[in-house]
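Position 11 of the sequence shown, counted from 1, bears residue number 38 in our numbering, the numbering being contiguous throughout.
What follows is a set of notes on a single structure, which appears directly below.
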Amino acid sequence: MSQQEIILNKPDDMHLHLRDGDMLSAVVEHSARDFARTIIMPNLVPPVTTVEDAMSYRQRILDALGGSGTSFEPLMTLYLTEVTTTYDLENAAALGMVKAVKLYPAGATTNSDSGVRDIPKSYHLFEKMAELGLPLLVHGEVTDADIDIFDREAVFIDRVLDPIRRTIPELRIVMEHVTTKNGIDYVGNADNKLCATLTTHHLMLNRNAMLAGGFRPHYYCLPILKREEHRQALRAAATSGDARFFLGTDSAPHPTHTKESACGCAGVFSAANSLGCLATVFEEEQALENLNSFTSLNGAKFYGLDINEVKMRLIRTSEPAVFPKNIKVGAETVTVFDPGMPIYWHVDHTTSL
Ligand code: DOR
Ligand code: ZN
28 MSQQEIILNK PDDMHLHLRD GDMLSAVVEH SARDFARTII MPNLVPPVTT VEDAMSYRQR
88 ILDALGGSGT SFEPLMTLYL TEVTTTYDLE NAAALGMVKA VKLYPAGATT NSDSGVRDIP
148 KSYHLFEKMA ELGLPLLVHG EVTDADIDIF DREAVFIDRV LDPIRRTIPE LRIVMEHVTT
208 KNGIDYVGNA DNKLCATLTT HHLMLNRNAM LAGGFRPHYY CLPILKREEH RQALRAAATS
268 GDARFFLGTD SAPHPTHTKE SACGCAGVFS AANSLGCLAT VFEEEQALEN LNSFTSLNGA
328 KFYGLDINEV KMRLIRTSEP AVFPKNIKVG AETVTVFDPG MPIYWHVDHT TSL
């Protein structure tokens, strides 16, 4: 008989967008329910660039949870801009509350306009981060108009990431939401200073899901979904147990109408059903024994955090789990990730372990 139950240490989501205001209030409970800690992306408008910004954003996240979020720990990041100073970094490291700094190449994705245009000009900041032990999180895509959108990650590795690593080998880096075999191989052949997060949706879908037989805007995200051979490489890495690969859902809510648009926003909201989807992926790959490493151990190890003592149970049922199709945000909705197949696993929220 197939396995019917999995016990995990409560997972950590090492790449999450929560936004602010009404959107934050609507989405945060979904992450707090299933995750103990999350690395919070700083791409608000305006972005989170100082430790003061990070402290007040963290408080807004906790306030949005009211009393129900006492065990949820938002781990804050700073947004690297062209005016970030070594003082900003020292300040952040001294307070200990900022866990990493995010590099968005300007124009690469949602709210990345304040990002960096000329990345070598930030090398002195990377050196300071290496000295302070602050990891660099990269959105690993070049933005050059002449580089095809499906090649932007591979080109980023050659032109941006590899030179950074060669120049500052002590810098700890996370290649966020890696989507290609090139990325997996690059991380796999590197030392353990380089890790990668993988999203739920990139493990479940290839680009046909978005483009074949009609365009499905709710699968549009950045980096964009790739071809099947890349998805297979991601699945092999995620399910291998290799400590360099860990979960970062990149759950990124947008109002439904802004995705169903002539120029739709990039982002998939998967916070509400990621764990059931991931259990399905690991079951398909016959690697359920490695799910806990991916969701709950490897990321904590990279960030130097204790493993969560709280346990969580996932249950396999004979009928598919029912997830909400959307959640309400005021008068609008956010569409929940549709994995495109029945999901038989869900988190058991009825008993505490
Ligand atoms: O699809 C994405 N959405 N990719 C990102 O890098 C940003 C995110 C967002 O903030 O919406
Ligand atoms: Zn993201």
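Just so it is clear, CB atoms sit at the ideal spot from N, CA and C, and this is done for glycine as well.
Of the listed residues the options, nearest to residue i (C-alpha basis)
{"i": "GLY134", "options": "LEU238, ASP171, GLY240, ILE33", "result": "ASP171"}
{"i": "PRO107", "options": "ASP115, PRO101, GLU100", "result": "In the sequence under discussion, the amino acid at residue 107 is Leu, which differs from the Pro named in the question. Checking every option, the nearest Cα to that of LEU107 belongs to ASP115."}
{"i": "THR377", "options": "ILE342, LYS355, ILE370", "result": "ILE342"}
{"i": "ASN216", "options": "ASP39, MET231, ILE184", "result": "ILE184"}
{"i": "PRO73", "options": "THR137, LYS148, GLN259", "result": "THR137"}
{"i": "SER141", "options": "GLU287, THR76, THR112, LEU188", "result": "THR76"}
{"i": "ALA306", "options": "ALA63, SER288, LEU274", "result": "LEU274"}
{"i": "ARG258", "options": "ALA289, GLY210, PRO101", "result": "GLY210"}
{"i": "ASP61", "options": "HIS42, PRO196, ASN300", "result": "ASN300"}
{"i": "ALA181", "options": "ILE191, GLU197, THR207", "result": "THR207"}
{"i": "HIS57", "options": "LEU71, GLU310, ASP40, GLN30", "result": "ASP40"}
{"i": "ARG144", "options": "ALA119, MET124, VAL110, THR322", "result": "VAL110"}
{"i": "PRO351", "options": "LEU164, SER98, ILE370", "result": "ILE370"}
{"i": "GLY331", "options": "ILE67, LYS126, PRO38", "result": "LYS126"}
{"i": "LYS148", "options": "LEU130, LEU92, GLU158", "result": "LEU130"}
{"i": "VAL201", "options": "HIS166, ASP212, MET339", "result": "HIS166"}
{"i": "ALA270", "options": "VAL78, ASP178, ASN219, ALA81", "result": "ASN219"}
{"i": "HIS281", "options": "VAL361, LEU188, TYR150", "result": "VAL361"}
Check: residue i C-beta below 7 Å from any heavy atom of the ligand DOR
{"i": "LEU105", "result": "no"}
{"i": "ASP61", "result": "no"}
{"i": "ASN138", "result": "yes"}
{"i": "GLY294", "result": "yes"}
{"i": "CYS290", "result": "no"}
{"i": "GLU166", "result": "It should be pointed out that residue 166 corresponds to His in this sequence rather than to Glu. Yes, the Cβ of HIS166 comes within 7 Å of a heavy atom of the ligand DOR."}
{"i": "LEU71", "result": "no"}
{"i": "ARG248", "result": "The sequence as given places Cys at residue 248; Arg does not occur at that position. Yes - the ligand DOR has a heavy atom lying nearer than 7 Å to the Cβ of CYS248."}
Alpha helix (DSSP H) segment containing residue i, residue limits
{"i": "ALA265", "result": "255-266"}
{"i": "THR194", "result": "189-194"}
{"i": "MET82", "result": "78-92"}
{"i": "VAL182", "result": "179-183"}
Start and end residues, beta strand (DSSP E) containing residue i
{"i": "HIS373", "result": "372-374"}
{"i": "LEU221", "result": "221-225"}
{"i": "ILE66", "result": "64-67"}
{"i": "PHE272", "result": "272-274"}
{"i": "ILE407", "result": "This structure cannot settle anything about residue 407, because the visible part of the chain is limited to 28 through 380."}
{"i": "LEU249", "result": "Premise fails: LEU249 is in no beta strand (DSSP E) and is neither H nor E."}
{"i": "VAL143", "result": "Taken as a continuous stretch (DSSP letters only), VAL143 belongs to no beta strand (DSSP E), as it is neither H nor E."}
{"i": "GLU359", "result": "359-362"}
Any non-hydrogen atom of the ligand ZN within 7 Å of residue i CB
{"i": "ASP171", "result": "no"}
{"i": "MET41", "result": "no"}
{"i": "HIS44", "result": "yes"}
{"i": "MET68", "result": "yes"}
{"i": "ALA279", "result": "yes"}
{"i": "HIS228", "result": "no"}
{"i": "HIS257", "result": "no"}
{"i": "HIS204", "result": "yes"}
Beta carbon proximity, residue i to chain C, threshold 8 Å
{"i": "ASP365", "result": "The structure shown contains no chain C, having only a single protein chain."}
Exposure label - residue i; buried when at least 16 CB within 10 Å
{"i": "MET368", "result": "exposed"}
{"i": "PHE272", "result": "buried"}
{"i": "GLU203", "result": "buried"}
{"i": "ALA121", "result": "exposed"}
{"i": "PHE242", "result": "exposed"}
{"i": "HIS245", "result": "buried"}
task: Mind listing, in chain order, the continuous beta strand (DSSP E) runs of no fewer than 3 residues lying wholly within the region 95-140?
output: 100-106, 125-130
Whole alpha helix (DSSP H) runs in the region 278-356 with 4 or more residues, listed along the chain?
283-286, 301-311, 325-329
Sequence ranges, beta strand (DSSP E) only - wholly within the region 30-67, length at least 3:
32-36, 39-43, 64-67
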